[in-house]
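In what follows, a single structure is set out as structure tokens and then discussed.
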Amino acid sequence: MSKLVSRRVSLAAAMPLVASVVAAMLLTSCDGVQQAVDDLTSASPTPAVGAPTQGGGAPAGDGSALAVLATLQVQPLSTEKKYQRDEFGTAWKDVDHNSCDTRNDILHRDLRSVTVGKDDCLVLSGELADPYTNRTIRFNRGKDSSAVQIDHVVALADAWRTGAYAWTDDTREAFANDPQNLLAVDGPTNIEKSDQDASEWLPPAKGYQCSYVARQVGLKARYHLWVTQAEADAMRGVLSTCPTQPELGE
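Numbering (the working numbering), first residue to last: 2 to 251.
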């Protein structure tokens, strides 16, 4: 996709990142997402002048999130353009053309005991085993719908400030609807997280923090986003407790 994004990734990191993309693409059925990620990684990355340092100290290539973290670029948040939600396209678009929007796709995937409307798409009720709090939460469409919300694991605003501002509209839309970046979670906890990165917020359920950070690392590698120094340090601190945790792994 955007050569501005590709230039932020060093030539030495290109091969493990491409391998990560291929593996992640096998896990999603969204054609639009696959095409956008394909395009994003199609150009060979070239080092930028004054390229920032890498994010970790672990040797890359062993498939762990800790190793992938070492390939991410470290630099301050961009203030080049102001974040706007609509830069990532219409919220919850039907990107895989299954006649069901992304929000309901994720509710179908993450809830159990689901009931649906006559169209077999609209989720009316279900039960969530919330990964962020370890609580069981009942979802009922209507006045209690906000009890369960769909979280962008890498927040859109954070993505914007770490490279997405330079993407094409198609790539931003793919990122906003990528199933790997979406989780049904406890609504109030999602609001508390807001657009914070791993240096500012981690899931209250400590047993999920490794999976959460690993998914963030995998997504940032897949989409050629960078991390701040504080973010890299926080990620490394979490992943050092689970050094074999795979990127994007559960």
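For glycine and all other residues, C-beta sits at the position ideal for the given N, C-alpha and C. Remember, it's a predicted structure, so these values are computed and weren't measured experimentally.
(message) So within the stretch 144-225, which uninterrupted alpha helix (DSSP H) runs reach at least 4 residues, ignoring any that extend past its ends?
(response) 157-162, 170-177, 188-194 and 210-223
(message) Using CA atoms only, rank isn't needed, just tell me which of Q74, F176 and L78 is closest to E88.
(response) Counted from its first residue, the sequence shown places residue 88 at position 87. Minimum Cα distance to E88 is reached at F176.
(message) Can you check which of these residues, V115, A158, D198 and Q210, is closest to E232 by C-alpha distance?
(response) In the sequence shown, the residue the question calls residue 232 occupies position 231. Closest by alpha carbon: D198.
(message) Is it buried or exposed, Q85, if we count other Cβ atoms within 10 angstroms and call 16 or more buried?
(response) The residue labelled residue 85 in the question sits at position 84 within the sequence shown. Result: exposed.
(message) Please report the distance separating the alpha-carbon of P247 from that of L203.
(response) For the purposes of this step, residue 247 is taken as residue 246 along the sequence shown, with counting starting at 1. For the purposes of this step, residue 203 is taken as residue 202 along the sequence shown, with counting starting at 1. Taking the straight line joining both Cα atoms gives about 18 Å.
(message) Quick check on this structure: which residue in K119, W93 and D120 has the alpha carbon closest to the alpha carbon of I107?
(response) Within the sequence shown, residue 107 is the residue found at index 106, counting from 1. Nearest option by C-alpha distance: W93.
(request) Kindly indicate the opening and closing residues of the beta strand (DSSP E) around V96. (result) Numbered from its first residue, the sequence shown carries residue 96 at position 95. Counting along the chain, V96 falls outside any beta strand (DSSP E), and DSSP gives it neither H nor E.
(message) Suppose the cutoff is 8 Å on Cβ atoms and the five residues either side in sequence are ignored; what does the same chain contact list for S147 look like?
(response) Here the question's residue 147 lines up with position 146 in the sequence shown. These residues qualify, in order along the chain: G188.
(message) Need the endpoints of the alpha helix (DSSP H) that A68 sits in, please.
(response) Along the sequence shown, one-based indexing puts residue 68 at 67. Start and end: A66 to L70.
(request) Check each candidate in H153, D159, R162 and L112 and name the one with the smallest Cα separation from R142. (result) As a position in the sequence shown, residue 142 is number 141, starting the count at 1. Cα-wise, what sits closest to R142 is L112.
(message) I'd like the list of long-range same chain contacts for T190, defined as Cβ closer than 6 Å, with 5 residues on each side in sequence excluded.
(response) As a working mapping, residue 190 is identified with position 189 in the sequence shown. Taken in chain order, the residues that qualify are Y133 and T134.
(message) Tell me the rounded alpha-carbon separation between S79 and R162.
(response) Position 78 of the sequence shown holds residue 79. Position 161 of the sequence shown holds residue 162. S79 and R162: Cα-Cα distance of roughly 5 Å.
(request) Output the distance between the C-alpha atoms of A158 and D152, rounded to the nearest integer angstrom. (result) In the sequence shown, counting from the first residue as 1, residue 158 sits at position 157. In the sequence shown, counting from the first residue as 1, residue 152 sits at position 151. Their Cα atoms are separated by approximately 12 Å.
(request) Helix, strand or coil for E248, going by three-state DSSP, please let me know. (result) Here residue 248 refers to the residue found at position 247 of the sequence shown. Correct three-state label for E248: coil.
(message) Buried or exposed for T245, going by 16 or more other Cβ atoms inside 10 Å?
(response) The residue given as residue 245 occupies position 244 in the sequence shown. By the neighbour-count rule (16 or more Cβ atoms within 10 Å), T245 is not buried but exposed.
(request) Grab the span of the alpha helix (DSSP H) containing A231 for me, first residue to last. (result) Residue mapping note: residue 231 aligns to position 230 of the sequence shown, counting from 1. Judged by DSSP secondary structure, A231 falls within the alpha helix (DSSP H) whose first and last residues are Q230 to L240.
(message) Using the three-state DSSP reduction, which class does N141 fall into: helix, strand or coil?
(response) Looking up residue 141 in the sequence shown gives position 140. Of the three classes helix, strand and coil, the one that applies to N141 here is strand, per DSSP.
(message) As a quick exercise: from D95, E128 and S200, pick the residue whose alpha carbon is nearest that of D234.
(response) Reading the sequence shown from its first residue, position 233 is the one you call residue 234. The residue with the shortest Cα to Cα distance from D234 is S200.
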